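Residue numbers (UniProt numbering): 1 to 447.
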Ligand SMILES: [Zn+2]
């Protein structure tokens, strides 16, 4: 099957922009954040609606790597001329002000830094103030408004953006099953849209054009949100009951091949994680689940490819394993991540992340750095509840010493297995944290 487009964050090396930088792309980032109301409009931009106006597809934000002067769309401060007066020469003082303003727009200043962080937080990205591929992608997507473009299912280049998310949200609120509100127009969104069109006596062509939009708008006020997508995800899981037979778990070793991840002294994230993944896989198999490693030791596919593989094998859950590194040796502990942003999150992903944290913290002395909702590509492109766990800091002497021990890695694998098992137990059978033992559960399985 063809791989879905990875937005702007493929494997291309791109420049990262942060506080103190000066770059034409900074003006673009500023314009985007102004149009999204994360920054107040500069005086000369207040009348210019360009930044917020629907843009035809194909005029995406320029890549930071693009040579200056190419692809700055209309509305960007470099386009200079004010609407309505292209031929009238500006008075010298005004020209001077405008030039100064343009110049200031190129500067990644403290206000922009704050706005970038706020934007990142609202989108479930790491709020580090650094504009890299993920943040650029999110800015592009955030500017899409429902109605800006015709939406339909395109196998090779799926539509991605907030317009798709709005469509999914509306369909879902009316009871149509779109899966997760992830902003990606996939086959399930198409099926839900056709269903909606059929219900409203429209041609069920799976394309969201003017007629469908009008119908959606008509119904807008009659529906009340109740996160039906979340309910559905939980129901699907409970229907399986406590039997783990046939549950497919994708295990993702976070690195591999010539991508070593974090390396400190003779400890290397890739190798430790490969060992952990193998231990986890063996335990999952031994307790009657199906387990697959998403890649072998000699490669490190990108996150979209990893997600794609998990979708292909029809995994019920995905567990991605990583280690962490900090600037300070004091940073330590374990944290887990699940798909989520301001629009909502994967309820089952969150539950699994919480169980993994609980089991790990109770069975080891790793510090609890809690669970966090993120929109990272791996969590987003996967169709099943997916989590990523960062199992301690290699830069911290305590965590590093623990991770270097095979017994410790065994305990970690056992803790993750227990969390996966607890996910399928109804509340009355759910044992206290740290006490689930594999044989107890295996004997409860129907044969
Ligand atoms: Zn890693």
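All residues carry an ideal CB built from backbone N, CA and C; glycine is no exception. Computed from a prediction, not measured in an experiment: that's the story for all the values here.
- Between the C-alpha atoms of residue 31 and residue 163 there is a straight-line separation of about 19 Å.
- A contact between stretches requires three or more CB pairs, one per stretch, nearer than 8 Å, and the stretch 355-363 meets this requirement with the stretch 408-420.
- In summary, residue 395 is buried, with 16 or more beta-carbon neighbours lying within 10 Å of its beta-carbon over all protein chains present.
- Of the residues 331, 371, 28, the one whose Cα lies closest to the Cα of residue 345 is 371.
- Ordered along the chain, residues surrounding ligand 1 are 254, 255, 261, 262, 269, 322, 323 [Cβ under 7 Å from any heavy atom].
- Here DSSP, grouped into helix, strand and coil, assigns residue 293 to strand.
- Each of 23, 336, 377, 287 was checked against the Cα of residue 436, and the nearest Cα belongs to 287.
- Pairing residue 316 with residue 247, the inter-Cα distance amounts to about 6 Å.
- According to DSSP, residue 339 shares a beta bridge with 374.
- With three or more CB-CB distances shorter than 8 Å, the stretch 377-385 counts as touching the stretch 165-184.
- Judged by DSSP secondary structure, residue 398 falls outside any beta strand (DSSP E) and instead within the alpha helix (DSSP H) spanning 397-403.
- Looking at the DSSP output, residue 349 shares a beta bridge with no other residue.
- Residue pairing for residue 253: DSSP places it in a beta bridge opposite 321.
- For residue 155, the number of other beta carbons within 10 angstroms of its own is below 16, and it is reported as exposed.
- By the C-beta criterion, the stretch 304-322 is judged to be in contact with the stretch 251-262, since at least 3 inter-stretch pairs fall below 8 Å.
- Take the alpha-carbon of residue 297 and the one of residue 375: they are about 26 Å apart.
- Of the candidates 329, 304, 106, the residue whose Cα lies closest to the Cα of residue 397 is 329.
- For the pair residue 206 and residue 190, the CB atoms are nearer than the 8 Å cut-off.
- Per DSSP, reduced to three states, the secondary structure at residue 286 is helical.
- Counting C-beta pairs with one atom in each stretch, the stretch 272-284 and the stretch 213-220 have fewer than three that are closer than 8 Å, which means they do not touch.
- Contact annotation, residue 289 with residue 318: C-beta distance approximately 13 Å; criterion of less than 8 Å not satisfied.
- In the DSSP assignment, the residues bridged to residue 368 are 334.
- With a 10 Å radius around the Cβ and a threshold of 16 neighbouring Cβ atoms, residue 186 comes out buried.
- Each of 392, 159, 188, 104 was checked against the Cα of residue 172, and the nearest Cα belongs to 188.
- Our two residues, residue 300 and residue 336, have alpha carbons roughly 21 Å apart in a direct line.
- DSSP places residue 41 in the coil class of the three-state scheme, outside both helix and strand.
- It is roughly 28 Å from the alpha-carbon of residue 390 to the alpha-carbon of residue 142.
- Distances from the CA of residue 131 to each of 168, 29, 267 were compared; the closest alpha carbon is that of 29.
- Assignment of residue 198 by DSSP, reduced to helix, strand and coil, places it in the helix class.
- Positions of the alpha helix (DSSP H) runs, each at least 4 residues long and wholly inside the stretch 122-209, are given as 133-142, 162-173, 187-199 in order along the chain.
- As computed with DSSP, residue 26 is found in no beta bridge at all.
- With a 10 Å radius around the Cβ and a threshold of 16 neighbouring Cβ atoms, residue 407 comes out exposed.
- In the DSSP secondary-structure assignment, residue 264 is bridged to 267.
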